[in-house]
Amino acid sequence: MTEDLITAGTSHRSSRGVGEADAVVVEGLTKRYGSRAAVDNLSFAIPTGTVAGLIGPNGAGKTTLMAMLLGLVHPTSGAGTVLGEPLGKPAGYLNRVGALIESPAFHPAVSGIDNLRSLAVLGSRSQKNIPDLIELVGLAGRGHDRVGSYSMGMKQRLGIAASLLGDPELIILDEPTNGLDPVGMQDVRRLIGEIANDGRTILVSSHLLSELEQVSDWLIVIDNGGLVHLGTPGSLGAAGEALVLRTADPAHTQMLRTIADSTQLRVQVDGDDVLVMLDGDVDAASLAVEINRRAHTAGIVLSELHYRRADLEARYLNLVSKGETT
Amino acid sequence: MSFLNTFRSEWILLNRKKLWLVLGVVTTLYTVAATALVISTAEPLRQQSEGGLALEALVGAGGATMAVIFSIAFGFLLVLATFISSTGNEFTRGTLRAALTFQSSRVSLMAGKLAARVLVAAIVMAGAFVIGAITAAIVAPAQDIGTDGWFGLDALGDAVEDYLRAIAYVVAFGIIGTTIAVLVRSTPIALGIGLLWFGPIENVIGEGRDWTERWFPGMVIRSIVQPQAADAVATPSALATLGVYAVVCAAVIAIVMSRRDVTA
């Protein structure tokens, strides 16, 4: 299975036309606390230049995984590389990685700018772009204020600015929208998009799929420490796409079902609705025309015929509620 | 390199006007009050009560700073609590975790932070010595203490020695406080342990037992800053013992920091 997963990552990278090595590779990564596995035999690769969404419910092992990538937590077993350097030697890659792990942590009595200066010095990173970063994350005019006077959202933004110090190649963001209002969440998503445009690799986690599906081009879904899905957001939701049909006369529902069955696709009846599941490579528009034509020929008046986008959240919840790991 | 980076990084956090202002006010108030109290309560050697300073010790070359270092010694709980909370808060606030995403050498990180904090303490101590000496010079005449010998070269030499003793005292409590905080990773628990040990426990166990003066860290540190005390251990022996404790503490910090996961 491990080989399959890595292969999946490689093909995705190829489709993006990125020829460099994977930014992150983990193989059989495990972290146990006593008998409990926080991360259980996890294997995947994140292609360079990808925005990878790490998604899973609370307690799935997202933060532990990220902490292991950053050298904060020692793996119980397994191996991997970050930017080509071995996982166990963070000194070899930390100066090329930016991170916001768990909640943003700053010295409250110190200004936002001085907190960033302190971190930049600590990591031998340039301080030149600190004013630009402060502006980028929307803290212009507040940089010289004490962090203790910041709202949660402002601290989160400062945390993102800290992760961008020194223009890192890989950025790891652990639930960056935590504690933010809807506008703040949207801002952070926009910010991630802007950062990603520079060709950086980003690994961002959330327990909400809706947070990640818009910004990620690669999803890693984990639950109970194990991998449950790896692939593009499309691959997660393809199984849920459908054509929804309804007759004006409910007495014709069974006839409509027969017409739908003739398409050789999976069909479900949900109340008065007949659902034609669009599994595989199906042209939804052509199919809708054909079904409408057949229904008309059979004297059935359709009151509804529409394309239903995959409910990624439902698919995700289905994946994690099964508790299965690949 | 990573040690120097950590030192500079910590200095950026510490070198703030407001912090210096607060430290200046607290140091001034404490030093003036404590020095004046020590001098005004000093008694002749033959009438001296336990814990006080003998009048005779104030006469002569080292008199001006003798009262200062004697009063500083009573502030040990403040020094210990400062080092414990500064390290403990790094764990509880998550700033240590954040720092480790920029610099992976955990031992260098702790060493650099401790060095920067000791530097701040050393500057504060220097200020305390100046303020205390001035206070002593003002208060001494009221106690009929002669200050003729306080302003010569010998006095300067004694002042430097006293200052070095004060630095040793800060470093010792700094390392011990940092070690406790690293071990328990919680400011309130570490404060409880530190204050209990250096307060009642050392004094209760040490009551009437001579060996405790030689081995209990708080008592050994007291021998450094109060060498004139009747039960004080000789300074070379005290420094040697503290050196051993410092090495043990550094080893504990290094092992604990290297092996433990940083999850907070």
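Chains as they are written, first to last, in our numbering: chain A, -11 to 314; chain B, 12 to 275. The beta carbon of each residue, even a glycine, is placed where N, CA and C say it ideally should be.
query: Whole-Å CB distance - Phe140 of chain B paired with Thr76 of chain B, under 8 Å assumed; result: 6 Å
query: Nearest neighbour of Ala179 of chain B, chosen from B:Ile50, B:Ala132, B:Ile191, B:Leu207 [CA to CA]; result: B:Ala132
query: CB contact check: Gly111 of chain A to chain B, cutoff 8 Å; result: yes
query: Minimum Cβ-Cβ distance from Pro78 of chain A to chain B less than 8 Å; result: yes
query: Residue range of the beta strand (DSSP E) that includes Asp261 of chain A; result: 261 to 265
query: Residues bridged to Val209 of chain A [DSSP beta-bridge criterion]; result: A:Ile43, A:His217
query: Listed by chain order, chain B residues near Leu58 of chain A by CB distance under 7 Å; result: Thr112
query: Sub-8 Å separation of Val182 of chain B and Met136 of chain B beta-carbons; result: no
query: Helix, strand or coil at Asn69 of chain A according to DSSP, with G and I counted as helix; result: First, the residue type needs correcting, since residue 69 of chain A is Thr and not Asn in the sequence shown. Strand, per DSSP.
query: Trp31 of chain B versus Gly138 of chain B - alpha carbon distance; result: 11 Å
query: Ala177 of chain B versus Ile190 of chain A - alpha carbon distance; result: 50 Å
query: Distance between Leu107 of chain B and Lys28 of chain B (C-alpha atoms, nearest Å); result: 23 Å
query: Leu168 of chain A, buried or exposed, once every other Cβ within 10 Å from all chains shown has been counted against 16; result: buried
query: Where His284 of chain A falls: helix, strand or coil (DSSP); result: helix
query: Per DSSP, cross-strand counterpart(s) of Ile190 of chain A; result: A:Val39, A:Ile159
query: Chain A within 8 Å of Leu34 of chain B, Cβ atoms only; result: no
query: Cβ of Ser193 of chain A within 8 Å of any chain B Cβ; result: no
query: Residues, ordered as in the chain, of the segment 12 to 41 of chain B that lie near chain A by beta-carbon distance below 8 Å; result: Met12, Asn16, Thr17, Arg19, Ser20, Glu21, Ile23, Leu24, Arg27, Lys29, Leu30
query: Range of the contiguous beta strand (DSSP E) that encloses Ala230 of chain A; result: 230 to 235
query: C-beta neighbour in chain A for Ser96 of chain B, strict 8 Å; result: no
query: Near-chain B residues of the segment 101 to 125 of chain A (beta-carbon distance less than 9 Å), N- to C-terminal order; result: Asp102, Asn103, Arg105, Ser106, Leu107, Ala108, Val109, Leu110, Gly111, Ser112, Arg113
query: Rounded Cβ spacing between Thr43 of chain A and Tyr295 of chain A (contact assumed at less than 8 Å); result: The displayed chain sequence assigns Ile, not Thr, to residue 43 of chain A. Actually they are not in contact, since the Cβ atoms of Ile43 of chain A and Tyr295 of chain A sit about 25 Å apart, beyond 8 Å.
query: Residue closest to Gln174 of chain A, alpha-carbon to alpha-carbon, out of A:Val125, A:Met54, A:Pro45, A:Arg254; result: A:Val125
query: For Glu101 of chain B, three-class secondary structure by DSSP; result: helix
query: Any alpha helix (DSSP H) of 4 or more consecutive residues that is wholly inside the segment 245 to 270 of chain B; result: 246 to 270
query: C-beta neighbour in chain A for Val263 of chain B, strict 8 Å; result: no
query: Proximity winner among A:Leu152, A:Arg134, A:Val109, relative to Val85 of chain A (alpha-carbon distances); result: A:Leu152
query: 8 Å Cβ cutoff, Phe32 of chain A in contact with chain B; result: no
query: The segment 79 to 107 of chain B: positions lying closer than 7 Å to chain A by Cβ; result: Arg104, Gly105, Thr106
query: Within chain A, partners of Val273 of chain B - CB distance below 8 Å; result: Ala55, Leu60, Val61
query: Leu4 of chain B vs Gly188 of chain B beta-carbon contact at 8 Å; result: Any question about residue 4 of chain B goes unanswered here, given that chain B covers just 12 to 275.
query: Cross-chain neighbours of Ala241 of chain B in chain A, by beta carbon under 9 Å; result: Those do not exist, as Ala241 of chain B stays about 43 Å from chain A at its closest Cβ, beyond 9 Å.
query: Sequence-distant residues of the same chain with beta carbon closer than 7 Å to Val6 of chain A, five excluded per side; result: Only weak support exists for where Val6 of chain A lies, its pLDDT of 38 falling under 50; the value from the coordinates is given anyway. Answer for Val6 of chain A: Pro35, Thr36, Gly37, listed in chain order.
query: Residues from the segment 114 to 130 of chain B in contact with chain A, defined by Cβ distance under 9 Å; result: Gln114, Ser115, Ser116, Leu120, Gly123
query: Within-8 Å CB hit, Val98 of chain A to chain B; result: yes
query: Inter-residue Cα distance where the pair is Val236 of chain B and Ala144 of chain B; result: 16 Å
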